[in-house]
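Residue numbers (numbering that gives the first Met the number 0), protein chains in the order written: chain A, 0 to 496; chain B, 0 to 155. Ideal Cβ positions, reconstructed from N, Cα and C, are used throughout, including at glycine. What follows is a set of notes on a single structure, which appears directly below.
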Amino acid sequence: MLEILSIVDIRFIMLVFVGSVAGLFVGSIPGLSVSMATALLVSITYTWNTTDALATIMGVYVVGVFSGAVSAILINIPGAPSSVVTTLDGYPLAHRGESHKALFYATIYSFIGSLFGLIALWLLAKPVSNIALKFTPMDYFLLALFGLATVGSVTSKNYTKGLMSAALGLTVSMIGLDPIMGTPRMTFNVSDLQAGIAIVPALVGLFGFSEVLSVIYDNNLEQVVLQLTKMKLSVKESLKHWKLALYSSSIGTVIGALPGAGGPVAAFISYNEAKRITKNPKIPFGEGAVEGIVASESSNNACIGGALIPMLTLAVPGDAVTAILLSVFYVHGLKPGPMFIKESPEMFNAIIAGGIIACFALLVLGLLVAPKISKVISVPKNILLPIVVVLCVIGSFACNNRLFDVILMFMFGLIGFLMRRFDYPAAPMVLAIVLGGMMDSNFRRAVSLASSTDNMLLSMFGRPITIVLLTLTILIILSNIPMVKKLLSKTPLEINK
Amino acid sequence: MIIGVSLIIYSLISYSQSFNQDWSQSPYAFPILVAIFICLLSTSLLVSGIKKNKDSIDNNKDNLSVKPNIKGVAVILLISAVYYFALAVVDMPIITLTILSLSISFSTFEISTIIFLFVLLKYLKVSKNVLLIFIPIITTILLSIAFRTLLHVLLP
Numbered sequence: 000m001l002e003i004l005s006i007v008d009i010r011f012i013m014l015v016f017v018g019s020v021a022g023l024f025v026g027s028i029p030g031l032s033v034s035m036a037t038a039l040l041v042s043i044t045y046t047w048n049t050t051d052a053l054a055t056i057m058g059v060y061v062v063g064v065f066s067g068a069v070s071a072i073l074i075n076i077p078g079a080p081s082s083v084v085t086t087l088d089g090y091p092l093a094h095r096g097e098s099h100k101a102l103f104y105a106t107i108y109s110f111i112g113s114l115f116g117l118i119a120l121w122l123l124a125k126p127v128s129n130i131a132l133k134f135t136p137m138d139y140f141l142l143a144l145f146g147l148a149t150v151g152s153v154t155s156k157n158y159t160k161g162l163m164s165a166a167l168g169l170t171v172s173m174i175g176l177d178p179i180m181g182t183p184r185m186t187f188n189v190s191d192l193q194a195g196i197a198i199v200p201a202l203v204g205l206f207g208f209s210e211v212l213s214v215i216y217d218n219n220l221e222q223v224v225l226q227l228t229k230m231k232l233s234v235k236e237s238l239k240h241w242k243l244a245l246y247s248s249s250i251g252t253v254i255g256a257l258p259g260a261g262g263p264v265a266a267f268i269s270y271n272e273a274k275r276i277t278k279n280p281k282i283p284f285g286e287g288a289v290e291g292i293v294a295s296e297s298s299n300n301a302c303i304g305g306a307l308i309p310m311l312t313l314a315v316p317g318d319a320v321t322a323i324l325l326s327v328f329y330v331h332g333l334k335p336g337p338m339f340i341k342e343s344p345e346m347f348n349a350i351i352a353g354g355i356i357a358c359f360a361l362l363v364l365g366l367l368v369a370p371k372i373s374k375v376i377s378v379p380k381n382i383l384l385p386i387v388v389v390l391c392v393i394g395s396f397a398c399n400n401r402l403f404d405v406i407l408m409f410m411f412g413l414i415g416f417l418m419r420r421f422d423y424p425a426a427p428m429v430l431a432i433v434l435g436g437m438m439d440s441n442f443r444r445a446v447s448l449a450s451s452t453d454n455m456l457l458s459m460f461g462r463p464i465t466i467v468l469l470t471l472t473i474l475i476i477l478s479n480i481p482m483v484k485k486l487l488s489k490t491p492l493e494i495n496k
Numbered sequence: 000m001i002i003g004v005s006l007i008i009y010s011l012i013s014y015s016q017s018f019n020q021d022w023s024q025s026p027y028a029f030p031i032l033v034a035i036f037i038c039l040l041s042t043s044l045l046v047s048g049i050k051k052n053k054d055s056i057d058n059n060k061d062n063l064s065v066k067p068n069i070k071g072v073a074v075i076l077l078i079s080a081v082y083y084f085a086l087a088v089v090d091m092p093i094i095t096l097t098i099l100s101l102s103i104s105f106s107t108f109e110i111s112t113i114i115f116l117f118v119l120l121k122y123l124k125v126s127k128n129v130l131l132i133f134i135p136i137i138t139t140i141l142l143s144i145a146f147r148t149l150l151h152v153l154l155p
């Protein structure tokens, strides 16, 4: 605890607060996303001190995830993907004239969820690192494969499309110089491609520019904002759902730790659990039940700490934002992984400290500023979209200071737009671009090591950790095959018939 | 399917031309694995697509009322392409203005961005002339000050 406090000074707190304010606006305005803001911050903070960069990014991340609830409640459009479930009860509650109450509950329980997740990170990171030290190259390969298989299943109605998106992301990740032999692959004599496809232009294009094109395509430029009516609310009354909040936060932390899962998945599972365990809510679920807001907001914010666990200990991102955070580490010369906490304890402490301070900033901003933000989020989309395009250009250029990245951003924007039209999720592609290099090099290392042994298959797949990871990956893939799904959903009586 | 088959062909040709013929060390082993996977997935998608063909025709009849704005997307892409070429090709000297110890630089980026924002706002039917003039200028100046002056981020 003392090591965490040693990082904190006035400058650190101010940077977290600046990031938190930015996260509040970015997360609450539909069309801007936490992923986009974090991607832009990677380039902006390139020349900064690493601790300062992490402080700002943690502020954006923690408050950005919460602030998606503001537009979800006021205009029925989630500002962040993890706030989709909040619209189910937040907007109906606001429609009943209780928008202030909905925002109040969202703030309190987002605070509880974020704090829970970060405490879990602090307690679990070291034990997970110790297990990760025993991982071989094949284990890392299978872990990344498990992550891609999971994200393909949870982010798309059609599992095959999710896997296809991941496979295309792996293809993109192979462009450039091979990390082991230095051979150019798929560069087609274009010198700019030798460095590979940078993650930031791909992210900004897939999440930022593609959103602009989608809004134009759908002719979706209108939005109605509900008026905020203030009412007296007691903290004691609002805290009576603390048991549901802790349960939802646990779900959020575990789901967040699964590579590729994230806020939306955790929020859906927690919401379903809340519906199952809450007997006789005052207002039914789907019509403004505060239990729905409690479950969704505490779990999606707990995902933050959960997603940071595999990112820091295994270098496998838990969601899109941690995938971008991973690039912050690489840009600053740090190596996340099992040795990270031992080699860079001050960076680990900076993340925990930044996250905890951001939780308190969330509480302050959520209670004082969020209710006044309705005027800002009502900025018409036809004014917002051109500014978003310019921000995308700046963000993609700033990463490597080359205009080629701006072309890549536009191309990925077009690809992302086409993917949305044909229901291909973008999240698996992003994850695959980040993990592809690691998968490739670990796979070849595993095969190289095994080829010098007598029994190649046994040396590759014979270890307990490898068997567990392989089994989990196969189970995830099999459970998503339509025939197997149909069989599992039939009762024994129907099977016997 | 095209991507998968092209990747297999490319990897096999490159492998045959490379010095190192050991597959375990070859940089083309992983691309071939991914390509095979893509081909299998494409086959599965093609088969399910053919099976659902009749349903999709029926659904399209219901969706006729929603008119997608393909032309709008094409126009945005065209305007963005012109913006990119203006940034890449046009080279003008940087003019720096200092107001109250704050320096604002005007270069290709600022001029192109002001014109780009104006054109895009006009296309997106922002009708008030005050907004059409002030939003591009003020936004560009704010971005220039925030990124170039305060954050020392290089702009295109």
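Cutoff 8 Å; reference residue i; Cβ partners in own chain excluding five residues on either side
i	result
L141 (chain A)	T465, L468, L469, T472
A197 (chain A)	C398, N399, D404, L407
I118 (chain A)	G304
F347 (chain A)	A124, L311, F339, I340
Residue-level contact to chain A via CB, residue i, 8 Å cutoff
i	result
T112 (chain B)	yes
F146 (chain B)	yes
G71 (chain B)	yes
F153 (chain B)	Checking the displayed sequence, the identity of residue 153 (chain B) turns out to be Leu instead of Phe. It does; some Cβ of chain A falls within 8 Å.
I2 (chain B)	yes
F36 (chain B)	yes
L45 (chain B)	no
I157 (chain B)	Not covered by the structure: residue 157 (chain B). The range shown for chain B is 0 to 155.
I75 (chain B)	yes
is_contact[residue i, chain B] using C-beta, thresh 8 Å
i	result
L407 (chain A)	no
D51 (chain A)	no
G166 (chain A)	The identity of residue 166 (chain A) in the sequence shown is Ala, whereas the question assumes Gly. Yes - at least one Cβ of chain B is within 8 Å of the one on A166 (chain A).
T497 (chain A)	The question about residue 497 (chain A) has no answer, for chain A in this structure spans 0 to 496.
N381 (chain A)	yes
V203 (chain A)	no
M35 (chain A)	no
P316 (chain A)	no
P385 (chain A)	yes
M163 (chain A)	yes
L69 (chain A)	The identity of residue 69 (chain A) in the sequence shown is Val, whereas the question assumes Leu. No, its Cβ sits nowhere closer than 8 Å to a Cβ of chain B.
Y216 (chain A)	yes
Unbroken alpha helix (DSSP H) run spanning residue i, endpoints
i	result
E342 (chain A)	339-342
Y423 (chain A)	First-last for Y423 (chain A): undefined, no H or E at that position.
L40 (chain B)	28-50
G255 (chain A)	241-256
M13 (chain A)	9-27
E296 (chain A)	289-313
A36 (chain A)	33-43
F460 (chain A)	455-460
L477 (chain A)	463-478
Contact set for residue i: own chain, Cβ-Cβ below 6 Å, skip 5 residues either direction
i	result
G63 (chain A)	G22, V25, G26, V33
L144 (chain A)	T472
L384 (chain A)	V211
Y139 (chain A)	N441
T277 (chain A)	E290
L176 (chain A)	P183, Q193
L63 (chain B)	Because the pLDDT of L63 (chain B) is 48, which lies under 50, any placement of that residue in the model is unreliable, and the number read from its coordinates should be weighed accordingly. Within the same chain, L63 (chain B) has no close Cβ partners at all.
Own chain, CB closer than 7 Å to residue i, minus 5 neighbours either side, in chain order
i	result
I476 (chain A)	A148
W47 (chain A)	none
L86 (chain B)	T107, F108, S111, P155
Y104 (chain A)	S237, V289, I292, V293
T452 (chain A)	S458
C38 (chain B)	M0, G3, V4
T170 (chain A)	none
Chain D contact for residue i (CB, 8 Å cutoff)
i	result
I31 (chain B)	No chain D appears in this structure, whose protein chains are A and B.
Beta-bridge pairing of residue i - partner residues as DSSP gives them
i	result
L176 (chain A)	A:P183
| task | Give the residues from the segment 124-140 of chain B that approach chain A closer than 9 Å (Cβ to any Cβ), ordered along the chain. | result | K124, V125, L130, I134, P135, T138, T139
| Contacting positions in the segment 166-185 of chain A - beta carbon closer than 8 Å to chain B | A166, L167, L169, T170, M173, D177, I179, M180, T182, R184, M185
| field | Residues of the segment 440-472 of chain A with Cβ closer than 7 Å to any Cβ of chain B, in chain order | value | F442, R443, V446, S447, S450
| Taking Cβ-Cβ distances below 8 Å as the criterion, which residues of the segment 77-89 of chain B are in contact with chain A? | Within the segment 77-89 of chain B, the qualifying residues are S79, A80, Y82, Y83, L86, A87.
| query | Relative to chain B, which residues along the segment 419-438 of chain A have a C-beta separation below 9 Å, given in chain order? | reply | Under the 9 Å Cβ criterion, the segment 419-438 of chain A contributes R420, G435, M438.
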